[in-house]
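Here the protein sequences come in this chain order: W and Z.
Residue numbering for the first sequence follows the working numbering, starting at 1 and increasing by one per position.
Residue numbering for the second sequence follows the working numbering, starting at 1001 and increasing by one per position.
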Amino acid sequence: MRYLLMIYDDEAGYDAATEEQREAMRAEYGKVAAGWGDRMQGGDELASSTSATTVRVRGDERLVTDGPFAETKEQLGGYFIVDVEDLDTAIALAAELPGARSGSIEVRPIIGM
Amino acid sequence: MTDVAKVVDRAFREDAGRAVAALIGAIRDFDLAEEAWQDACEQALRIWPQRGVPDNPSAWLFTTARNRAIDRLRRDRVGRDKLAAAGQIADLQAMGDDVHEIPDDRLRLLFTCCHPALALDARVALTLRTVAGLTTREIARAFLVPEPTLGQRLTRAKRKIREAAIPYRVPPREVLPERLEGVRAVIYLVFNEGYAATEGELMRAELCDEAIRLCRLLDHLVPDEPETRGLLGLLLLQHARRAARTDAAGEIVVLEDQDRSRWDQAMIDEGLALVRDSVAQTGPYRLQATIAACHAAAPRPEDTDWPQIATLYTALATIRPSPVVELNRAVAIAMADGPDAGLRMLDPLAPDLDRYHLFHAARADLLRRAGDDAGARFAYDRALELVTNDAERRYLARRRDDLAPA
């Protein structure tokens, strides 16, 4: 069973961080993910939501707007894809992520195609 | 109801949870398990009146449900699902015929239904539906929500269990405590459904027994949990009064009129011991158990320590505020300080509890005690419009008719 772990967090803290602090955070995520072994199927850090663009097509019209789909305090900042036995395991892995302590992790099952 | 319908109904009530739990254990499919069981009960209603009721109705029902699940798996599964179905069929075939002779899977089912990834209302509904075998209609009434809403809640919960792969198991020890609260809430609600059934007879003692049984199991699995013991104490102290709660004709006898010699003293003793035992903690169940203990310890109604009960309800309202707790607190204060004090507390609760028959029944009783028969009559009428249980309806009608003529 594959799950997408979406890391939502307040971007203000991350934006204010120095490059050194960001490296330390990345290292922390890297350490956690390394501990997952081959249950980790992929994942990455996303650029700030200020760099996001939202696209909609309505009829023949293409609407392109600046910014993320939902303007909320917590933004999607990164994700992991994990392949585990069940939801409890996915929840346990999500709880290990640093973002779970400062923000929240949305755990979504992936429907295989 | 015909005799056959009664036997099916009883077997359905008693075995539904166990049978459905066992079927889910084998096939991990809530819908298929429930449908198979439902089909078996319908088939029994068709066949038994002609061929007679089998010697072991519950074995007949379980075998039929199992075969029904196998038929459906053979017929409906196509493509890559066929392979999974072969495994499910093998597991079903390997099961015994009598649900009472295979391991009880209900605790595993209970924890799955109470998984925190499900919304609380969904946990409660799913547990009552699958573990306790209540109908969607009964659950909807117990929780004062429309039946279609409840049906959607169940469908969504089952879909989530399937799509998100919520495991079917008793959780490992390190996460057990966080799962316990939801399980206790569900057990308590199951008990309440039995204690004041929404349909038919006033009580459904087997549901209360079921809740007590599940609570004992929980206490055994996770020992020394003050709130689990408090809950068990509460259930025992309430259930101890069962024989005195109705008269020979099945009519309601309220607490103050009950023959206290008919209370189950062994059950009271066990309940009181549990309440004393868990004195270190004052969680909501222990508080309620202590309230029940105040009643159980009073030899006569006039010996009841109402001020103490009012204090306990105030403590309960602090940690678990709810309109129903406020209603009970108002009644206790009315008993301690007079009906007017209670009535003043009821008015602000009307917006929340206007559709709750016991709110109007309590109001009617306090108005009667305060000498306002016209007001009491009006409130009894409102309670009678909302009541769904026949015994409660007759009781309320009697109380209304006892009032001085308008």
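Beta carbons are placed, not taken as given, at the ideal position from N, Cα and C, and that holds for glycine.
Treat the numbers as computed from the prediction; the structure is a model and nothing was measured.
- Closest in alpha carbon position to Z/L1128, among Z/R1184, Z/D1224 and Z/L1092, is Z/R1184.
- Contact between Z/W1306 and Z/M1335 holds: CB atoms are separated by about 4 Å, below the 8 Å threshold.
- One finds M1, D86, L87 and P109 in chain W with Cβ atoms closer than 7 Å to the Cβ of Z/A1165, taken in chain order.
- For the segment 1338 to 1385 of chain Z, the full-length alpha helix (DSSP H) segments reaching 4 residues or more read 1339 to 1346, 1350 to 1353 and 1357 to 1369 along the chain.
- In the DSSP annotation of this structure, the continuous segment of the beta strand (DSSP E) that includes W/Y79 starts and ends at E74 to D83.
- Measuring C-alpha to C-alpha distances from Z/V1004 to each of Z/R1018, Z/E1042, Z/G1025 and Z/R1028 identifies Z/E1042 as the nearest.
- Z/I1309 and Z/D1076 have their C-alpha atoms some 58 Å from each other.
- Considering only beta carbons, the part of the segment 1101 to 1128 of chain Z lying closer than 7 Å to chain W consists of A1117, in chain order.
- The alpha-carbon separation between Z/A1243 and Z/A1249 amounts to approximately 12 Å.
- Under a 10 Å Cβ-count criterion, Z/T1149 is classified as exposed, with fewer than 16 other Cβ atoms of the shown protein chains found around its own Cβ.
- Around the C-beta of Z/R1398, fewer than 16 other C-beta atoms lie within 10 Å, and the residue is accordingly described as exposed.
- When C-alpha distances from Z/G1133 are compared across Z/G1194, Z/A1119 and Z/V1078, the shortest belongs to Z/G1194.
- Beta-bridge partners of W/D44 (DSSP): W/Y79.
- Residue pairing by DSSP puts W/S104 in a beta bridge opposite W/Y8.
- For Z/R1363, the closest C-alpha among the options Z/D1337, Z/A1391, Z/N1328 and Z/R1394 is that of Z/N1328.
- Taken through DSSP and simplified to helix, strand or coil, W/D66 comes out as strand.
- Sorting Z/S1058, Z/L1110, Z/G1338 and Z/L1366 by C-alpha distance to the C-alpha of Z/L1214 places Z/L1110 at the top.
- About 12 Å separates the Cβ atoms of Z/D1337 and Z/A1370, ruling out a contact at the 8 Å cut-off.
- Between Z/A1040 and Z/A1022, the CB-CB gap reaches or exceeds 8 Å.
- Per DSSP, Z/I1212 has no beta bridge partner at all.
- A straight line joining the alpha-carbon of W/T18 with that of W/V107 spans about 29 Å.
- Only residues of its own chain outside the window of five on either side were considered, and among them none has a CB closer than 7 Å to the CB of Z/G1087.
- At a Cβ-Cβ threshold of 8 Å, W/P109 and W/Y3 count as neighbours.
- Per the coordinates, the alpha-carbon of Z/A1297 lies some 10 Å from the alpha-carbon of Z/L1237.
- Listed in chain order, the non-local C-beta contacts of W/V55 below 6 Å within the same chain comprise V64, local neighbours out to five positions each way being set aside.
- Out of Z/Q1093, Z/V1008, Z/R1051 and Z/A1059, the CA that lies nearest to the CA of Z/A1069 is found in Z/Q1093.
- Around the beta carbon of Z/D1365, 16 or more other beta carbons sit within 10 angstroms, so the residue counts as buried.
- Counting only residues of its own chain and dropping the five nearest sequence neighbours on each side, W/T53 has a CB closer than 8 Å to the CB of V64, T65, D66 and G67.
- By the CB criterion at 8 Å, Z/G1182 and Z/C1294 fall outside the cutoff.
- Look at W/R58 here: in three-state DSSP terms it is strand.
- Setting aside the 5 residues that flank it on each side, Z/M1267 is surrounded in the same chain by L1236, H1239 and A1240, each with a C-beta closer than 7 Å to its C-beta; the list follows chain order.
- The Cβ-Cβ distance between W/L87 and Z/P1301 does not fall below 8 Å.
- Cβ-Cβ distances below 7 Å link W/A100 to A94 in the same chain, with the five nearest sequence neighbours on each side left out; the list follows chain order.
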